[in-house]
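Following: one structure in structure tokens, then a few remarks.
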Amino acid sequence: MINTRLEGAKGLWPEELPNILWAYRTTTRTPTGETPFRLAYGTEAVIPVEIGLTTWRTNHYDESSNDSQLRTNLDLLDEVRDQAEAKTRAYQQRMARYYDRRVKHREFKVGDLVLRRVTLATKDPTQGKLGPTWEGPYRVVKFHRRGTYHL
1 MINTRLEGAK GLWPEELPNI LWAYRTTTRT PTGETPFRLA YGTEAVIPVE
51 IGLTTWRTNH YDESSNDSQL RTNLDLLDEV RDQAEAKTRA YQQRMARYYD
101 RRVKHREFKV GDLVLRRVTL ATKDPTQGKL GPTWEGPYRV VKFHRRGTYH
151 L
């Protein structure tokens, strides 16, 4: 979202940032099923389009009951957050199952030749992003536990 919005506005990001943050805070997140605005304030934000147009929400606005409605929403906020937390846990479990179904676990035996991934800690900074991502080959000397080997 940020890249799309700022692509044509090089150098103007300070002026665009409030719009981007507003869009982010009022967009429903998949893991929680809620907007960040609702999780923070207990009610959905009135978007600028609703102010100028006649919508159900603006037609049925009653200023006298507004304070009591806001208090009710704040009282229910803990329940909304608990539901969002439960949805997030379920979403994380679904994503873990999705990943586990597609990942190929490889088991190596002592004596096998393997390559080792170059991490940021071991990467030569002079090579930049075009440096090698793997190094080796190394020989497996000892098996410790699933996915952990001594090379």
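Heads up: the sequence shown is residues 1 to 151, going by full-length UniProt numbering.
The beta carbon of each residue, even a glycine, is placed where N, CA and C say it ideally should be.
#1: Between the beta-carbon of ARG25 and the beta-carbon of PRO36, is there less than 7 Å?
#2: So for TYR24, helix, strand or coil by DSSP?
#3: Roughly how many angstroms lie between the CA atoms of PHE108 and TYR99, to the nearest whole one?
#4: Report yes if the CB atom of GLU135 is closer than 7 Å to the CB atom of ARG116, and no otherwise.
#5: Which same chain residues, not among the five before or five after VAL118, have their C-beta less than 8 Å away from its C-beta?
#6: Is it buried or exposed, TYR149, if we count other Cβ atoms within 10 angstroms and call 16 or more buried?
#7: Please report the Cβ distance between ARG38 and ILE20, rounded to the nearest whole angstrom; I am assuming they are in contact, meaning their Cβ atoms lie under 8 Å.
#8: So the alpha helix (DSSP H) PHE37 belongs to, where does it begin and stop?
#9: Quick one: grab the DSSP three-state call for LEU70.
#10: Give every residue of the same chain whose Cβ lies closer than 7 Å to the Cβ of GLU34, excluding the five residues on either side of it in the sequence, and list them in chain order.
#11: Below 6 Å CB to CB, which residues in the same chain sit around TYR91 once its five sequence neighbours on both sides are set aside?
#12: Is it true that the CB of ARG146 sits closer than 7 Å to the CB of LEU113?
#13: In the structure shown, what three-state DSSP assignment does TYR99 receive?
With the given structure in hand:
#1: By one-based count along the sequence shown, residue 25 stands at place 25. By one-based count along the sequence shown, residue 36 stands at place 36. Against a cut-off of 7 Å, the Cβ pair of PRO36 and ARG25 comes out as a contact.
#2: Walking along the sequence shown from the start, residue 24 turns up at place 24. The answer is helix: DSSP assigns TYR24 an H, G or I state.
#3: Within the sequence shown, residue 108 is the residue found at index 108, counting from 1. Within the sequence shown, residue 99 is the residue found at index 99, counting from 1. Computed Cα separation, rounded: 21 Å.
#4: As a first step, residue 135 is located in the sequence shown; it is residue number 135 there, counting from the start. As a first step, residue 116 is located in the sequence shown; it is residue number 116 there, counting from the start. In contact: GLU135 and ARG116 (Cβ atoms closer than 7 Å).
#5: Taking the first residue of the sequence shown as position 1, residue 118 is located at position 118. Beyond the five residues adjoining it in sequence on each side, VAL118 comes within less than 8 Å, by CB distance, of GLY131, PRO132, THR133, TRP134, GLU135 in the same chain, given in chain order.
#6: Taking the first residue of the sequence shown as position 1, residue 149 is located at position 149. Classification of TYR149: buried, given that the 10 Å Cβ count is 16 or more.
#7: On the sequence shown, position 38 is the one that residue 38 refers to. On the sequence shown, position 20 is the one that residue 20 refers to. ARG38 to ILE20, Cβ: 19 Å. No contact.
#8: By one-based count along the sequence shown, residue 37 stands at place 37. Residues 36-41.
#9: On the sequence shown, position 70 is the one that residue 70 refers to. If DSSP states are grouped into helix, strand and coil, LEU70 belongs with the helices.
#10: Stepping through the sequence shown from its first residue, residue 34 is reached at position 34. THR28, VAL80, ALA84, listed in sequence order.
#11: Position 91 of the sequence shown, counting from 1, holds the residue named residue 91. Excluding sequence neighbours, TYR91 sits near PRO31.
#12: The sequence position of residue 113 within the sequence shown is 113, counting from 1. The sequence position of residue 146 within the sequence shown is 146, counting from 1. Result no, Cβ atoms of LEU113 and ARG146 do not sit closer than 7 Å.
#13: Taking the sequence shown and counting its residues from 1, the one referred to as residue 99 is at position 99. TYR99: helix per DSSP, three-state reduction.
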